[in-house]
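The block underneath contains the structure these notes are about, expressed in structure tokens.
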Amino acid sequence: MDKIIVRGGKRLNGTVKVEGAKNAVLPVIAATLLASDGKSVIKSVPTLSDVYTINEVLRFLNAEVQFKNNEVVVDASKELSVEAPFEYVSKMRASVLVMGSLLARNGRARVALPGGCAIGSRPIDQHLKGFEAMGAKVQVGNGFIEASVEDRLQGAKIYLDFPSVGATENIMMAATLAKGTTIIENVAKEPEIVDLANFLNKMGAKVKGAGTGTLRIEGVDVLFGAEHTIIPDRIEAGTFLVAAAITGGDVLVQGAVPEHLSSLIAKMEEMGVVFKEEEDGIRVVSAENLKAVDIKTMPHPGFPTDMQSQMMALLLRAKGTSMITETVFENRFMHVEEFRRMNGDVKIEGRSVIMNGPINLQGAEVAATDLRAAAALILSGLVAEGITRVTELKHLDRGYVDFHEKLAALGADIERVTEEEEVTLTAAYVADLNA
Ligand SMILES: CC(=O)N[C@H]1[C@@H](OP(=O)(O)OP(=O)(O)OC[C@H]2O[C@@H](n3ccc(=O)[nH]c3=O)[C@H](O)[C@@H]2O)O[C@H](CO)[C@@H](O)[C@@H]1O
Ligand SMILES: C=C(OP(=O)(O)O)C(=O)O
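Reading the sequence shown from the start, the letters are residues 9 to 443 in the numbering used here.
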């Protein structure tokens, strides 16, 4: 089992480049299944375990998939099978995103029930409500969700109870090949939704309104393979902005798009972080005397839940009382227990946490509870006294490419080791301290 070992105390300096967005590439790869003619070429694809998983799902469904040099090429022109088994869905919930494409293209889809996960129960009732409104019969049984439609999906008017990212994507994909027009109201407005709509339109779909609260999709008869470059990962970018700020460093995050990060930047500015927009990204210029702020996670353009734990790491270092309220997921505070192991005094009150800073974080062995928690614990390690060891790195690998290497290139004292290597390293470190 790998561990990341961080020795705190180094200021970060330099330039770091962000990858293509995980949360954009997964639905885009799922959408390639809609093309019964021609190959899709997806560029700027990050080498994440989630990408390998979705590619495996597509291969299982009888699509040809190649992935090299950050480019995924999909040929989905052969007849597709209809089932995404538990093996994949349990590894990565986004596997459920193939459902809309399969249903639109085959008239049938059978996907294993995703089940609960570390951040909440994450039901998919809104996805299914959309498919049903378009004429699909949905049945749940034996651990599977099965949706089928006799002839072809029909355009419909659908109102989402919550602007779910996944439901918006799944229904949008299904509607591209439906008969007639589909209007979806109260949809998610995340940049990844816009990226997916742009890709679908390149394939020949007619999607309007992406980035607003209402989507209008005119169904077409056939979709074709298309070429598309994935948008930069705003959450990876945000994580490096926090890394720079927590160490009081000066870092240019290349590829960071200011409009995608406005809620995070606004909150960090309130704390006292100074940014500079540059031609190719965003620079953290300084971060001194950090002040406490309150944060509430919300659907985009509100503060992203995927930055909640990283901001918790930063707020633990700020002077005063901060409160974070998590409104998107019901159980996304699992990392609090791990912060406590690092001397992080965090109280949980219902859906909020309260912190009194600044706290002198202490190195400890901590376990990542989800992918953003993994990053957040490593960020805390950058400023903790002594050594922080972070385990359960399978979570980190779902969402961050070469995270420790990128931090090391910025000057962090960090490495990723196997258990045996760790024993030798720790002995060497203790020897250094005693020398
Ligand atoms: C692969 C991907 O893009 N993942 C992102 C996506 O997840 P995901 O698409 O799963 O997130 P959703 O926006 O769907 O979920 C938000 C909330 O709505 C609830 N819900 C959702 C669907 C549904 O049918 N019923 C229901 O109750 C969920 O349980 C959750 O509490 O958006 C989340 C919210 O920005 C991010 O944290 C994830 O990183
Ligand atoms: C929660 C996340 O992803 P997923 O929906 O893929 O679990 C995330 O990216 O922080």
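Virtual Cβ for every residue (Gly too), placed ideally from N, Cα, C.
Item	Value
On the CB-based measure, 16 or more other CB atoms within 10 Å of its CB, does GLY337 come out buried or exposed?	It is Phe, not Gly, that sits at residue 337 in the sequence shown. It counts as buried.
Could you tell me whether the segment 44-52 touches the segment 234-242, where touching means 3 or more Cβ pairs closer than 8 Å?	yes
Can you tell me the Cα-Cα spacing of VAL344 and ILE243, whole angstroms?	20 Å
Could you have a look at ASP96 and say whether DSSP puts it in helix, strand or coil?	Note on identity: in this sequence residue 96 is Tyr, with Asp being the wrong assignment. Residue state, collapsed to three classes: helix.
Quick check on DSSP: helix, strand or coil for ASN63?	helix
Identify which residue in GLU429, THR247, THR432, PHE311 has its Cα closest to the Cα of GLY263.	THR247
Under 7 Å: does the beta carbon of ALA38 sit that close to some heavy atom of ligand 1?	no
What are the complete beta strand (DSSP E) segments, minimum 3 residues, inside the segment 205-259?	214-216, 222-226, 235-237
For GLN147, which beta-bridge partners are listed by DSSP?	GLU154
Reducing DSSP to helix, strand and coil, say where GLU198 ends up.	coil
Note the first and the last residue of the continuous alpha helix (DSSP H) segment covering SER109.	106-114
Should ARG406 be listed as close to ligand 1, given that the test is whether its C-beta is under 7 Å from any heavy atom?	no
Who are VAL80's beta bridge partners in DSSP?	ILE50, PHE75
Report yes or no: is there a C-beta of chain D within less than 8 Å of the C-beta of LYS165?	Absence of chain D from the displayed structure is noted, only one protein chain being present.
Indicate the three-state DSSP secondary structure (helix, strand or coil) for THR432 in the structure shown.	helix
Tell me the rounded alpha-carbon separation between ALA92 and GLU423.	36 Å
Using the beta-carbon count (16 or more within 10 Å), is PHE170 buried or exposed?	exposed
Judging by CA-CA distance, which residue of LEU379, GLU400, ILE273, GLY419 is the nearest neighbour of TYR408?	LEU379
Looking at the unbroken alpha helix (DSSP H) that takes in VAL409, where does it start and where does it end?	VAL409 -> no alpha helix (DSSP H), and no H or E assigned at all.
DSSP state of THR426, grouped into three classes?	coil
The beta strand (DSSP E) that contains VAL293, what's its start and end?	289-295
Extract the residue ranges of the beta strand (DSSP E) inside the segment 336-379, only unbroken runs of 3 or more that lie entirely within it.	354-357, 360-365, 373-375
Return the first residue and the last residue of the alpha helix (DSSP H) that ALA182 is part of.	173-184
Closer than 7 Å to a non-hydrogen atom of ligand 4 - does that hold for the CB of GLU200?	As far as ligands go, the structure on display features ligand 1 and ligand 2 and does not contain ligand 4.
According to DSSP, is VAL33 helix, strand or coil?	helix
Between the alpha carbons of VAL59 and PHE75, how many angstroms are there, rounded?	9 Å
Taking Cβ to Cβ, would you say GLU154 is nearer than 8 Å to GLN162?	no
Pick out whichever of THR61, ARG118, SER98 has its Cα sitting closest to the Cα of LEU88.	ARG118
Under 8 Å between the Cβ atoms of SER44 and VAL261?	no
I need the straight-line Cα distance from ASP302 to ILE179, nearest angstrom please.	34 Å
Let me know the secondary structure DSSP gives ALA382 once reduced to three states.	helix
Rounded to whole angstroms, what's the CA-CA distance from THR432 to LEU418? Just pull it up for me.	25 Å
Would the segment 298-313 and the segment 268-278 be scored as touching if the rule is three or more Cβ pairs under 8 Å?	yes
Compare the C-alpha of MET181 against each of THR333, GLY328, PHE347, LEU223 and name the closest.	LEU223
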